[in-house]
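Using our numbering, read the sequence shown as starting at 3 and increasing by one per residue.
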Amino acid sequence: MTGADHEPLKHDAVARLRGRSIVLVGLMGAGKTHVGKRLAALLDLPFVDTDQEIEEAARMTVAELFAAYGEPEFRALEARVVARLIDGPQHVIATGGGAFINEETRRILKERSVTIWLKADLDTLMERVSKRPTRPLLKTADPRATMKNLMDARYPIYRTADIHIHSRNAKRDTIAREIVQSLAGRSSHRKAAS
């Protein structure tokens, strides 16, 4: 897609959002933050990462929050942060892997935003998360088995997202442009890539 081709797509994508935020969901390592930043730049929208917002609010890292308070408390804080962001101005929002799993958070996101599932295969996810050893849910004896269990549990829920995009070892720009095409109604990514 050239610069000239991009402007009409960008216009159509933003118009179809009708002021709603774009929320990227998927497992850790799916590329939500990296692709989200590129997508925000393509659409001239601000970008926000819920994990970063949580860390700023709590003055602790996600790993520290998990260690100090456990997953239930972290998820409660995450739900409050997501609700605050959705009620604010239009953004591209990258969520933590578990945010969309919370039924109430998912309901809010489905009602007030366009949800995009970045789906990746097990090998891609493991390659990416191995570069960042701070993932609290993977601090287990067998991280690969843990990731596979997360995929089995969460992928049926992620499938309820509005748009499905295959996150793979492609340039972030390529994935972000596929999202723009889908938002503009010019691709087959709407609940197609299961």
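Every residue, glycine too, gets a C-beta built ideally from N, C-alpha and C.
If you check the CB distance, E58 and A81 do not come in under 8 Å.
One thing to note: T97 has its Cβ no nearer than 8 Å to the Cβ of K150. For H166, the uninterrupted beta strand (DSSP E) segment begins and ends at 165-168. With a beta-carbon spacing of about 20 Å, I159 and V37 fall beyond the 8 Å limit used to define contacts. A contact is defined here as three or more CB-CB pairs under 8 Å, and the region 59-79 fails this definition with respect to the region 108-119.
Taking C-beta atoms under 8 Å as the contact rule, D53 and V64 qualify, at a distance of about 5 Å. Beta-bridge partners of A96 (DSSP): L26, D51. Here L29 really is in contact with M153; their C-beta atoms are around 7 Å apart, less than 8 Å.
Judged by DSSP in its simplified three-state form, T117 adopts strand. Annotation for R130: the continuous alpha helix (DSSP H) segment containing it runs 124-131. Here V16 is not near L44, since their CB atoms are 8 Å or more apart.
Listed in chain order, the non-local C-beta contacts of I110 below 8 Å within the same chain comprise V84, A85, I88, local neighbours out to five positions each way being set aside.
The beta carbon of G21 sits closer than 7 Å to the beta carbons of Q92 from its chain, once the five residues preceding and following it are set aside; these are given in chain order. The beta carbon of G31 sits closer than 6 Å to the beta carbons of L127, R130, V131 from its chain, once the five residues preceding and following it are set aside; these are given in chain order. Pairing R174 with R40 gives a Cβ-Cβ distance under 8 Å. Annotated as distal: A172 and D14, with beta-carbon spacing of 8 Å or more.
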